[in-house]
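K.L.:
Residue numbers (my numbering): 278 to 556. The C-beta atom is built at its ideal place from N, Cα and C for all residues, glycine as well. The structure under discussion is supplied below as structure tokens; questions concerning it will follow.
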Ligand SMILES: [Mg+2]
């Protein structure tokens, strides 16, 4: 059995971002299934924290099984499941207008909320929250309804995440931030809270659920402005892995600018591939 490098030898939880760390598009990143198994063999709990709210946790379980990574429903913390948990703390059994896909709608429903398809003309007042996430079927009409719920009905505006882009196997697509910005523009309001990374809600939830102190957890991420920033804000160990969005040059560039940027953007460690976490 291989051992972890000394810097990581005390960790008890490994939090993996998914896109760019475990897979790219539909393709498993080389050897990551074996690396995850080796961590588990060292009694390290592996969990997954993704900003992608479009699919449910059950769909993530099936996706990872399909890539030869055994996992459980409770191993996943998506921006959709985190949003559903946090919204429930604000109000139970609420009425919500959603811009988003099945992942977000189902996670909210599973927590007892009523997801409204289309409020009636007099129904905008009944909508408690407008929750915005990535929606590839986003339309002008969705935006108009969200605007009315907020401006006429007084609904509170929340977002799953504000990623500007979504990496896919052959490049980039628009991310959830585009929809969030659209709602922001036509209402003049910013989301009250954005629940996904770089906010630390998800990581704090993981530490709470697993009852492990922050200094015993590491996040493996491929983006400074989401994964690394969230990890540093939560006070856990942060490790950049260069298999996704960020290159070595981009990390060097951040380090050069360290006097003028948020210091929390800088990872504690950078690995070319996660094979390097073992001796
Ligand atoms: Mg990623």
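Give me the residue from 404, 414, 405 and 360 with the minimum Cα distance to residue 388.
P.N.:
Of 404, 414, 405 and 360, the residue nearest in Cα terms is 360.
K.L.:
Only counting the same chain, and skipping five residues up and downstream in sequence, which positions put a Cβ closer than 6 Å to that of residue 473?
P.N.:
These residues qualify, in order along the chain: 328, 356, 437 and 438.
K.L.:
Are residue 513 and residue 495 close, meaning C-beta to C-beta below 8 Å?
P.N.:
Contact: yes.
K.L.:
Rounded to whole angstroms, what is the Cα-Cα separation between residue 321 and residue 427?
P.N.:
Straight-line Cα distance between these residues: approximately 44 Å.
K.L.:
What ranges does the beta strand (DSSP E) occupy inside the segment 290-326, keeping only unbroken runs of at least 3 residues that lie completely in it?
P.N.:
The qualifying runs are 290-293.
K.L.:
For residue 499 versus residue 515, is the C-beta spacing smaller than 8 Å?
P.N.:
No, they are not a contact pair.
K.L.:
Here's the rule I'm using: 16 or more other beta-carbon atoms within 10 Å means buried, otherwise exposed. How should residue 331 be labelled?
P.N.:
Result: buried.
K.L.:
Tell me the residue span of the beta strand (DSSP E) that contains residue 372.
P.N.:
It spans 372-376 - the beta strand (DSSP E) in which residue 372 sits, taken as one unbroken run.
K.L.:
Classify residue 492 as helix, strand or coil using the three-state DSSP reduction.
P.N.:
Reduced to three states, the DSSP call for residue 492 is helix.
K.L.:
Where does residue 375 land, buried or exposed, given buried means 16+ other C-beta within 10 angstroms?
P.N.:
That one is buried.
K.L.:
Which of the three DSSP states, helix, strand or coil, is assigned to residue 517?
P.N.:
Strand at residue 517.
K.L.:
At a cut-off of 7 Å, is residue 297 close to ligand 1 when judged by its beta-carbon and the heavy atoms of the ligand?
P.N.:
Flag set: Cβ of residue 297 near ligand 1.
K.L.:
Do residue 460 and ligand 1 come close, with the Cβ less than 7 Å from some heavy atom?
P.N.:
Residue 460: no, Cβ never under 7 Å from ligand 1.
K.L.:
Going by the DSSP bridge assignment, what does residue 436 pair with across the sheet?
P.N.:
According to DSSP, residue 436 bridges with 409 and 471.
K.L.:
Given 7 Å as the limit, tell me if residue 521 has its C-beta closer than that to any heavy atom belonging to ligand 1.
P.N.:
The answer is yes for residue 521.
K.L.:
Going along the chain, which residues of its own chain have a beta-carbon closer than 8 Å to the beta-carbon of residue 350, five neighbours each way excluded?
P.N.:
The answer, listed in chain order, is 334, 335 and 338.
K.L.:
Please find out if some non-hydrogen atom of ligand 1 comes closer than 7 Å to the beta-carbon of residue 498.
P.N.:
Yes.
K.L.:
Whole-angstrom Cβ separation of residue 408 and residue 396, contact assumed at under 8 Å?
P.N.:
Not quite, the Cβ-Cβ distance comes to about 14 Å (not below 8 Å), so this is no contact.
K.L.:
Straight-line CA distance for residue 526 to residue 370?
P.N.:
Computed Cα separation, rounded: 48 Å.
K.L.:
Between the C-alpha atoms of residue 421 and residue 368, what's the straight-line distance to the nearest angstrom?
P.N.:
Between residue 421 and residue 368, the C-alpha separation is close to 24 Å.
K.L.:
Rounded to the nearest angstrom, what separates residue 399 and residue 429 at their Cα positions?
P.N.:
Taking the straight line from one Cα to the other gives about 10 Å.
K.L.:
Using the three-state DSSP reduction, which class does residue 278 fall into: helix, strand or coil?
P.N.:
In this structure, residue 278 counts as coil in the three-state DSSP scheme.
K.L.:
Who are the Cβ neighbours of residue 315 in its own chain at under 8 Å, not counting the five residues just before and after it?
P.N.:
Excluding positions up to five away in sequence, the list reads 278, 279 and 555.
K.L.:
Which residues mark the beginning and the end of the alpha helix (DSSP H) in which residue 503 is found?
P.N.:
First-last for residue 503: undefined, no H or E at that position.
K.L.:
Any chance the CB of residue 486 is under 7 Å from a heavy atom of ligand 1?
P.N.:
No, the beta carbon of residue 486 sits no closer than 7 Å to any heavy atom of ligand 1.
K.L.:
For residue 360, which of helix, strand or coil comes out of DSSP?
P.N.:
Looking at residue 360 - three-state DSSP - the assignment turns out to be helix.
K.L.:
Should residue 478 go down as buried or exposed, given a rule of 16 or more other Cβ atoms within 10 Å for buried?
P.N.:
Residue 478 is buried by the Cβ-count criterion.
K.L.:
Compute the distance between the beta-carbons of residue 444 and residue 522, then report whether it is under 8 Å.
P.N.:
Yes.
K.L.:
Can you give me the start and stop residues for the alpha helix (DSSP H) that residue 483 sits inside?
P.N.:
Here the alpha helix (DSSP H) through residue 483 covers 478-487.
K.L.:
Can you list, in chain order, the residues of its chain with a C-beta nearer than 7 Å to that of residue 310? Leave out the 5 residues immediately preceding and following it.
P.N.:
Correct list, in chain order: 344, 345 and 346.
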